[in-house]
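Top to bottom, those sequences are chains R and U. Going by our numbering, the first residue of the first sequence is number 149, and it counts up by one from there. Going by our numbering, the first residue of the second sequence is number 25, and it counts up by one from there.
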Amino acid sequence: MLKILKYSFFDLVRSRWSYVYFLFYLLLSSVLLFLNNDLSKAIITLLNVVIILVPLIGTIFGVMYYYDSQEFTELLMAQPITRKSIFLGQFLGVATSLSLSVLLGLGIPFVLYGLFQSNVIFDFLILIVVAVFLSFIFSALAFNIALSNTNKIKGFGYAILVWLLLAVIYDGAFLMALMYFQEYPLDQFSLLATLFNPIDLSRILILLKLDISALLGYTGAIFSAFFGTVWGSFVSVGVLVLWVVFPLWRMLHTVNKKDF
Amino acid sequence: MVEFKDIHKKFGKNEVLSGINLKIQKGKTTAILGPNGSGKTTLIKILLGMNHANSGEILVNNTSIRNNWSYRKNMDYLPQIANFPGNIKVKEIIAMMKDLRQQTARDKELTAYFELKPYLNTNLSHLSGGYKQKVNLVLSLMFDSPFIILDEPTSGLDPLSLIKLKELLKKEQEQGKTILITSHIMSFVEEISDHISFILDGKVYFDGSIGELKSTTGKANFEYAIANLLKTNHA
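Structure (structure tokens):
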């Protein structure tokens, strides 16, 4: 598996898209930091970008990579190695190369600006952790989608749909539900609903760490009462891990049954 | 060597293979022929474990290949479509395959033979179709395995490379290797193979030597004999 990982990582890191992705973050965070001169504000703005863009690029990149390397995957399957190691290696190659682009793109300007002397280093770390988690989650979802759809157009369509659903529609439906049922106690519901969407969960995690939960009112207080505790952080990281593990498990299950 | 026992395969409602029984003899070159969509590639993919048969069994050296992957150590496979990760160089992909299989490889000899040396540092996405096929050939033949599977090996090759491929295969035959080929180029098949297995509608319609094929169909020309097989069985 490590050998497959090594080569798909090299292949991806050298691709033009990785550079574009890396340069985008580099440019964005440089501009935000050096023109704005406020680390916390920069982190909040980046949060809003990362939370939408990382899932989008993760799904598109994952689906694209799978379809692109289909024939090569077949050649690999004729070698004396297991299917599990081929696909796990490829998935990790995609996820780590995406994570690396984000890490370096955001990391370099922040370090140059003097991140290590500031007191927001912890907030920045959470931003990075969230970005890495989202890269892993959405490339795993992308591999699942691509594996279940031989038709590329359909695969891309579903990938965009999943992204749209989790990044936009879910929030909309969530808000509608809150409005509609506003006479009922909704704290438990909104907590649970947040846990079920990795994008929302990531957003809440950072917002709470940035101490702006007061802006969120009563719900914010409930959220910080839950997520602010060790138990809360534990649960939310656990849920993010599940969001990686479950799609991966399904991927390996599908891979073993699939005809290529 | 390899034995297919009553292999059935369906894709959805489409039954591609309906009871294939076939023995690939050791040290011989067998060509699997059949019209487009007759299931040749599917059969090979089942042998390599890329597709799962709905029923039936494949024995390699008298052992079933089910839930087994180590038998592929003794197999070289040339896929029909050569498409490699674009940002990797030719020498890197060769190194990768060697790294994966951990077997002795004759990559230097073969890259020289197919005149790939000037392209070793080229990215695979910059190679033409014919050169990709040459890389494909080097990758699949370099491990010197006793069993070679070639799915349309001639596609994209220029006449000179085609002759080189034939000569290489003849050398392999002299060393007693077992070769399994599919091809639509009848002259190539006639020149290289000892044994013909003709698949039609998911069944083996003919299994025998080229001489036997000519005498059963009553045609002296190989290409016409095959065409005759197609006509009589479709009528």
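For every residue, glycine included, the Cβ atom is placed at its ideal position computed from N, Cα and C.
Contact note: residue 76 of chain U reaches chain R through 405 and 407, using a C-beta cutoff of 8 Å and chain order. For residue 51 of chain U, no alpha helix (DSSP H) segment is defined, and its DSSP state is neither H nor E.
Residues of the region 215-242 of chain R with a C-beta less than 9 Å from any C-beta of chain U: 216, 217, 218, 219, 220, 222, 223, 224, 225, 226, 227, 228, 229, 230 and 231, listed in chain order. Within the DSSP secondary-structure output, residue 222 of chain U pairs in a beta bridge with U:57 and U:230. For residue 79 of chain U, the enclosing beta strand (DSSP E) stretches over residues 79-84.
In this structure, the straight-line span from the alpha carbon of residue 44 of chain U to that of residue 171 of chain U is close to 20 Å. Annotation: residue 371 of chain R to residue 339 of chain R spans about 7 Å, alpha carbon to alpha carbon. Put simply, the backbone Cα of residue 199 of chain R is about 14 Å away from that of residue 310 of chain R.
For residue 25 of chain U, the three-state secondary structure derived from DSSP is coil. Measuring C-alpha to C-alpha distances from residue 134 of chain U to each of U:226, U:126 and U:144 identifies U:144 as the nearest.
When only Cα atoms are considered, residue 146 of chain U and residue 320 of chain R end up about 50 Å apart. Counting every other CB atom within 10 Å of its CB across the protein chains shown gives residue 284 of chain R a total of 16 or more, marking it as buried.
Per DSSP, residue 175 of chain U is one residue of the beta strand (DSSP E) stretching across 171-175. Under DSSP, the beta-bridge partners assigned to residue 99 of chain U are U:171. A straight line joining the alpha-carbon of residue 77 of chain U with that of residue 180 of chain R spans about 57 Å. The residue among R:149, R:282 and R:266 with its C-alpha nearest the C-alpha of residue 238 of chain R is R:149. By the Cβ rule, the region 213-227 of chain R does not count as touching the region 383-397 of chain R, because fewer than three pairs are nearer than 8 Å. Taking C-alpha positions only, residue 187 of chain R is separated from residue 251 of chain R by approximately 16 Å.
The beta-carbon of residue 73 of chain U is placed less than 9 Å from the nearest beta-carbon of chain R.
A distance below 7 Å between beta-carbons, with the five flanking residues on each side excluded, links residue 48 of chain U to the following residues of its chain, in chain order: 25, 26, 54, 202 and 204. DSSP lists U:32 as the beta-bridge partner residues of residue 42 of chain U. The CB of residue 162 of chain R comes closer than 7 Å to the CB of 111 in chain U, given here in chain order.
Interface criterion met: the Cβ of residue 107 of chain U is under 9 Å from a Cβ in chain R. The residues 311, in chain order, have a CB closer than 6 Å to that of residue 204 of chain R in the same chain once the five nearest residues on each side in sequence are set aside. Residues of the region 161-177 of chain U with a Cβ closer than 7 Å to any Cβ of chain R: none. A Cβ of chain U is located within less than 9 Å of the beta carbon of residue 155 of chain R.
Runs of the beta strand (DSSP E) spanning 3 or more residues and lying entirely within the region 286-368 of chain R do not occur at all.
By the Cβ test, the region 109-122 of chain U is in contact with the region 148-162 of chain U, since at least three Cβ pairs between them sit closer than 8 Å. With 16 or more neighbouring CB atoms inside 10 Å of its own CB, residue 33 of chain U falls in the buried class. In its chain, beyond the 5 residues on either side, 149, 400, 403 and 404 have a beta carbon closer than 8 Å to the beta carbon of residue 232 of chain R. Taking every protein chain shown into account, the CB of residue 158 of chain U has 16 or more other CB atoms within 10 angstroms, so this residue is buried.
In the DSSP assignment, residue 206 of chain U falls within the beta strand (DSSP E) that extends over 202-206. Interface annotation, residue 124 of chain U: in contact with chain R, CB-CB separation under 9 Å. According to the DSSP assignment, residue 128 of chain U belongs to no alpha helix (DSSP H), since it is labelled neither H nor E.
In terms of beta-carbon proximity, residue 300 of chain R stays away from the interface with chain U, with every pair separated by 9 Å or more.
Short of 7 Å from the beta carbon of residue 387 of chain R, and not among the five residues preceding or following it, lie these beta carbons of its own chain, in chain order: 343 and 349.
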